[in-house]
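In my numbering, the protein residues as written are 13 to 401. Yeah, the Cβ is synthetic: ideal placement off N, Cα and C, and Gly gets one too. Comments concern the structure below.
Dropping the structure here:
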């Protein structure tokens with residue numbers, strides 16, 4: 013009687029062993045595939061990179077050797093590409109290379125600003141603090157990026173919803189009314205005639221062929237223009253002129269730049285080099301060119317506030333606060349306060365836009381549906397009036 017459960021236990025143990033073996037084989041296969049990727053082409057999601065720097069900072073603060081800590085982190089990573097990268101870095105560290113030099117081998121994983129901060133941390137002996145600051149910087153940038161995307165996605169969804177509802181009504185509902193109107197033989201109002209004509213155009217084969225071609229041609233044309241230096245500058249300059257969203261994007265750029273500058277200055281990096289790192293960190297061509305022009309002015313001996321303000325792109329608040337920071341010797345402190353201020357501005361602006369968009373969705377959809385419905389029922393009102401007379 014006591015032996016009835018024994019075969020089941022052995023079967024469970026064997027199934028667990030087989031599943032464990034399968035998982036190990038899958039992990040080995042993923043690591044093998046990741047090891048075949050060229051270091052110059054390797055890319056890693058920002059979220060995984062943020063977790064990596066957080067873990068490395070904590071391990072260094074606990075007193076574990078850097079190479080040993082990297083091995084421990086790599087063994088517990090779910091991203092096998094990054095795990096292979098970290099293991100390779102640990103091997104080079106054991107061979108005597110510096111961490112910053114090892115990271116340069118992966119240009120698409122570790123940004124120049126990250127490598128510059130780590131170099132400063134190695135020189136000053138504060139590598140653990142610098143790694144924690146890098147993680148905080150990446151987290152703040154990811155948060156701002158997410159807020160901007162969230163604010164821009166909402167209007168796009170409203171636009172797609174409006175087009176979808178309009179097409180559905182024009183394709184499926186309006187043609188049924190057209191058949192009825194043709195049977196009545198009544199004279200149609202201008203709005204109704206326009207709606208029927210629009211329905212005929214939407215339901216034609218030419219629209220089915222031409223609409224996708226037009227969309228893809230527009231996307232291709234935009235990419236072609238944006239890939240050029242002059243086209244990128246023109247588009248990025250006009251982005252700041254978009255009502256509501258232009259100010260939001262400018263504030264996000266200021267928050268990111270001030271945060272980056274504060275981190276670099278606190279790490280002991282010279283102003284000119286810090287500005288060069290900010291150029292590579294910015295995604296807006298107008299901001300990048302303004303900072304590049306400022307670098308040349310600073311090299312010529314001009315103050316930072318004058319150099320940044322000469323382009324008439326940066327807000328006066330940024331220029332004034334930087335001027336006060338230079339005069340009082342508290343530049344990094346002022347940059348930190350500016351970063352905090354603009355982060356709050358971005359959060360409040362996104363919140364206000366989201367609240368304003370909620371009634372806008374209802375208004376846009378109601379206006380589209382209402383216009384189509386009114387255009388379809390206007391002939392009926394005319395017929396009823398004529399019959400009454």
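Alpha-carbon spacing of residue i relative to residue j, whole angstroms
i, j, result
"residue 165", "residue 171", "10 Å"
"residue 375", "residue 369", "10 Å"
"residue 118", "residue 90", "19 Å"
"residue 314", "residue 259", "28 Å"
"residue 338", "residue 283", "11 Å"
"residue 68", "residue 381", "56 Å"
"residue 255", "residue 371", "18 Å"
"residue 50", "residue 325", "40 Å"
"residue 396", "residue 235", "54 Å"
"residue 378", "residue 168", "17 Å"
"residue 88", "residue 97", "13 Å"
"residue 72", "residue 137", "12 Å"
"residue 280", "residue 352", "21 Å"
"residue 406", "residue 186", "Because the chain in this structure spans residues 13 to 401, residue 406 falls outside the shown range and cannot be described."
"residue 385", "residue 225", "30 Å"
"residue 32", "residue 152", "Below a pLDDT of 50, predicted positions are generally treated as unreliable, and residue 32, at 48, falls in that range; the measurement from the model is reported next regardless. In a straight line, the C-alpha of residue 32 is about 38 Å away from that of residue 152."
"residue 244", "residue 253", "15 Å"
"residue 309", "residue 334", "15 Å"
"residue 193", "residue 199", "9 Å"
"residue 312", "residue 305", "11 Å"
"residue 75", "residue 229", "57 Å"
"residue 231", "residue 237", "10 Å"
"residue 41", "residue 342", "Caution applies to residue 41, whose pLDDT of 48 falls short of 50 and renders its modelled position unreliable; the model cannot decide the point."
"residue 250", "residue 367", "25 Å"
Closest by C-alpha distance to residue i, when choosing among the options
i, options, result
"residue 360", "379, 257, 142", "257"
"residue 55", "342, 66, 95", "95"
"residue 350", "370, 340, 364, 329", "329"
"residue 62", "241, 300, 143, 174", "143"
"residue 388", "76, 209, 109, 259", "209"
"residue 223", "175, 300, 314", "175"
"residue 261", "71, 297, 73, 320", "297"
"residue 160", "128, 132, 357", "357"
"residue 263", "67, 132, 355", "355"
"residue 105", "87, 78, 378", "78"
"residue 216", "371, 179, 229, 155", "179"
"residue 268", "50, 157, 365, 380", "157"
"residue 99", "230, 281, 84", "84"
"residue 59", "53, 52, 121, 245", "121"
"residue 102", "80, 229, 226", "80"
"residue 162", "365, 240, 385, 383", "365"
"residue 383", "205, 277, 193", "205"
"residue 127", "327, 275, 307, 76", "275"
"residue 477", "52, 362, 153, 341", "This structure cannot settle anything about residue 477, because the visible part of the chain is limited to 13 through 401."
"residue 150", "64, 238, 70, 221", "64"
"residue 362", "155, 57, 132, 109", "155"
"residue 344", "270, 220, 294", "270"
Same chain only: Cβ atoms within 7 Å of residue i, ignoring 5 sequence neighbours per side
i, result
"residue 124", "289, 292"
"residue 336", "346"
"residue 331", "317, 320, 321"
"residue 273", "286, 290, 347"
"residue 307", "284, 287, 288"
Proximal residues to residue i (C-beta, below 8 Å), its chain only, five neighbours per side dropped
i, result
"residue 38", "A caution first: residue 38 carries a pLDDT of 49, below 50, which makes its placement in the model too unreliable to give a value."
"residue 201", "387, 390, 391, 394"
"residue 130", "111, 112, 115, 139, 142, 143, 146"
"residue 183", "211, 214, 215"
"residue 66", "144, 147"
"residue 82", "68, 98, 99, 101, 102, 105"
Contact test: residue i Cβ vs the ligand MG heavy atom, cutoff 6 Å
i, result
"residue 137", "For the structure depicted, the ligand MG is absent and the ligand set is empty, with no information on it obtainable."
Bounding residues of the alpha helix (DSSP H) (the contiguous stretch that carries residue i)
i, result
"residue 118", "That residue, residue 118, is in no alpha helix (DSSP H); it is neither H nor E in DSSP."
"residue 164", "139 to 180"
"residue 95", "92 to 106"
"residue 271", "257 to 278"
"residue 248", "241 to 251"
"residue 285", "283 to 293"
"residue 304", "297 to 311"
"residue 89", "Taken as a continuous stretch (DSSP letters only), residue 89 belongs to no alpha helix (DSSP H), as it is neither H nor E."
"residue 336", "328 to 340"
"residue 231", "217 to 238"
"residue 62", "58 to 73"
"residue 77", "Where residue 77 is concerned, there is no enclosing alpha helix (DSSP H), given that its DSSP letter is neither H nor E."
"residue 214", "202 to 214"
Close-in-space but distant-in-sequence residues of the same chain around residue i (CB under 6 Å, 5 per side omitted)
i, result
"residue 190", "208"
"residue 265", "296, 299"
"residue 373", "170"
"residue 18", "In this prediction, residue 18 scores a pLDDT of 43, lower than 50, which makes its location untrustworthy; the coordinate-derived value is nonetheless stated afterwards. Cβ neighbours of residue 18 beyond the five flanking positions: none."
"residue 405", "Because residue 405 is not part of the residues shown, which for the chain are 13 to 401, the question remains open."
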